[in-house]
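Engineer:
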Amino acid sequence: MRIDILTILPELLQGPFSASIMKRAQDKGLAEIFVHNIRDYSTNKHKQVDDYQYGGGAGMVMSIEPIAAVLDKLISERKYDEIIYMTPDGEVLDQKTANSFSLYENIIILCGHYKGVDERIRQIYITKEISIGSYVLSGGELAAAVLTDSIVRLIPGVLNDETSALTDSFQDNLLSPPVYTRPPEFRGYKVPEVLLSGNFDLIEKYRDEEAYKRTKERRPDLLD
Ligand code: 6GU
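The opening residue of the sequence shown carries number 771 in this note's numbering; numbering runs sequentially from there.
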């Protein structure tokens with residue numbers, strides 16, 4: 771899968787993709803992530819990428835032309851399954867959306883800043899608008915990294931048995947059960963007996979029950 775990310779702050783996106791699972795996915799050739807600096811496409815002599823908003827009011831708006839220039843170049847090179855705009859007024863990301871995006875061949879992710887992008891970019895190019903929750907971030911970059919991580923880990927071959935996505939929280943609309951490792955007792959707190967029993971039927975039953983209990987207590991909305 772190929773993911774092209776458009777941003778005015780490429781340095782914000784270097785860390786998240788250079789370690790752990792996202793790095794492994796790229797090293798294995800299962801994901802290709804390209805970060806494009808929108809500023810490189812500005813024809814303005816000051817490399818300006820934003821401007822005052824029509825109608826007045828505080829806050830700058832990201833200009834059409836440099837964004838359109840990157841998008842036109844990418845679109846002319848290959849077919850994209852989705853052109854996603856990261857914005858707090860988008861559809862809130864969930865596991866179902868991540869699952870469906872992970873089946874795509876090529877996607878573009880546009881990161882917004884300031885007051886956002888000129889509305890016509892959204893009208894002309896954008897096929898999906900995604901938010902990562904009901905709070906405001908300074909820009910779309912961290913949200914784009916979250917979205918990319920949620921997708922890349924689902925690409926077949928990225929995770930091994932130990933990190934399998936099948937047992938993730940949310941994959942079956944349930945939160946994960948509690949987990950333990952050695953020692954069997956710490957400051958009087960004991961690992962539940964059943965997990966030490968070696969009886970895998972009982973262990974599976976315990977985990978199913980705990981997952982359900984936890985979901986009912988913390989996220990009853992997932993059970994609806
Ligand atoms: Cl996608 N962008 C920004 N700037 N803030 C957000 C967000 C996105 N999702 C939640 N908050």
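Each residue gets a CB set at the ideal place from its N, CA and C atoms; glycine is no exception.
Got a sec? Which residues, its chain only, sit under 6 Å from L776 by beta carbon, not counting five neighbours each side?
Structural biologist: Against the sequence shown, residue 776 aligns to sequence position 6. Contacts found: H806, I808, V840, L880.
Engineer: Counting only runs of 3+ residues fully inside the segment 784-809, write out the beta strand (DSSP E) ranges in chain order.
Structural biologist: Listed in chain order, the complete beta strand (DSSP E) runs (minimum 3 residues) inside the segment 784-809 are 802-807.
Engineer: Does the ligand 6GU have even one heavy atom less than 6 Å from the beta-carbon of L863?
Structural biologist: Position 93 of the sequence shown, counted from the start, is the residue given in the question as residue 863. No - the ligand 6GU has no heavy atom lying nearer than 6 Å to the Cβ of L863.
Engineer: Counting only the same chain and skipping the five closest in sequence on each side, list residues whose C-beta sits under 8 Å from that of L992.
Structural biologist: Reading the sequence shown from its first residue, position 222 is the one you call residue 992. Result list for L992: F940, N943, L944, L945, T985, in chain order.
Engineer: Below 6 Å, is the gap between the Cβ of L776 and the nearest heavy atom of the ligand 6GU?
Structural biologist: Residue numbering aside, residue 776 sits at position 6 when the sequence shown is read from its first letter. No, the beta carbon of L776 sits no closer than 6 Å to any heavy atom of the ligand 6GU.
Engineer: Measuring only the C-alpha atoms, how far is L929 from K793?
Structural biologist: Mapped onto the sequence shown, residue 929 falls at position 159. Mapped onto the sequence shown, residue 793 falls at position 23. One C-alpha to the other measures close to 12 Å.
Engineer: Can the beta-carbon of M856 be found closer than 7 Å to that of G910?
Structural biologist: In the sequence shown, the residue the question calls residue 856 occupies position 86. In the sequence shown, the residue the question calls residue 910 occupies position 140. Result yes, Cβ atoms of M856 and G910 sit closer than 7 Å.
Engineer: In or out: H883 buried (at least 16 other Cβ within 10 Å) or exposed?
Structural biologist: Along the sequence shown, one-based indexing puts residue 883 at 113. H883 is buried by the Cβ-count criterion.
Engineer: When you compare each of V887, E980, E861, G799 to I837 by their alpha carbons, which one comes out closest?
Structural biologist: Here the question's residue 837 lines up with position 67 in the sequence shown. Among V887, E980, E861, G799, the Cα nearest to that of I837 belongs to V887.
Engineer: Quick check on the DSSP output: what are the complete beta strand (DSSP E) runs of length 3 or more inside the segment 845-926, in order along the chain?
Structural biologist: Entirely contained in the segment 845-926, the beta strand (DSSP E) runs reaching 3 residues are, in chain order, 852-862, 876-881, 898-901.
Engineer: Kindly indicate which three-state DSSP category D994 falls into: helix, strand or coil?
Structural biologist: Here the question's residue 994 lines up with position 224 in the sequence shown. Three-state result, D994: coil.
Engineer: Sort out for me which residues DSSP pairs I778 with in a bridge.
Structural biologist: If you number the sequence shown from 1, residue 778 lands on position 8. Answer is none; I778 lacks a bridge partner.
Engineer: I need the straight-line Cα distance from I973 to L965, nearest angstrom please.
Structural biologist: By 1-based counting over the sequence shown, the position of residue 973 is 203. By 1-based counting over the sequence shown, the position of residue 965 is 195. Cα to Cα, the separation comes out at about 6 Å.
Engineer: Which class does R989 belong to by DSSP, given the choice of helix, strand or coil?
Structural biologist: Residue mapping note: residue 989 aligns to position 219 of the sequence shown, counting from 1. It is coil, neither helix nor strand.
Engineer: For I894, count neighbouring C-beta atoms within 10 Å of its own C-beta (all shown protein chains included) and say buried if the count is 16 or more, exposed if not.
Structural biologist: As a first step, residue 894 must be located in the sequence shown, where it is residue number 124. Exposed, since its Cβ has fewer than 16 Cβ neighbours within 10 Å.
Engineer: Drop a sphere of 10 angstroms on the beta-carbon of A789, count the other beta-carbons inside from all chains shown, and report buried for 16 or more, exposed for fewer.
Structural biologist: Here residue 789 corresponds to residue number 19 of the sequence shown, with the count starting at 1. A789 is exposed by the Cβ-count criterion.
Engineer: Terminal residues of the continuous beta strand (DSSP E) containing V831?
Structural biologist: Locating residue 831 in the sequence shown gives position 61, where the first residue counts as 1. Residues 830-832.
Engineer: For A915 versus L907, is the C-beta spacing smaller than 7 Å?
Structural biologist: Reading the sequence shown from its first residue, position 145 is the one you call residue 915. Reading the sequence shown from its first residue, position 137 is the one you call residue 907. Their beta carbons are not under 7 Å apart, which means A915 does not touch L907 by this criterion.
Engineer: Once you ignore the five residues that flank A795 on each side, which residues in its own chain have a CB closer than 8 Å to its CB?
Structural biologist: Locating residue 795 in the sequence shown gives position 25, counting from the first residue. Excluding residues within five positions, the ones whose Cβ falls inside 8 Å are A801, V922, R923, I925, V928.
Engineer: Using C-beta distances below 7 Å, list every residue in its chain close to Y822, excluding the 5 sequence neighbours before and after it, in chain order.
Structural biologist: Position 52 of the sequence shown, counted from the first residue, corresponds to residue 822. The answer, listed in chain order, is M830.
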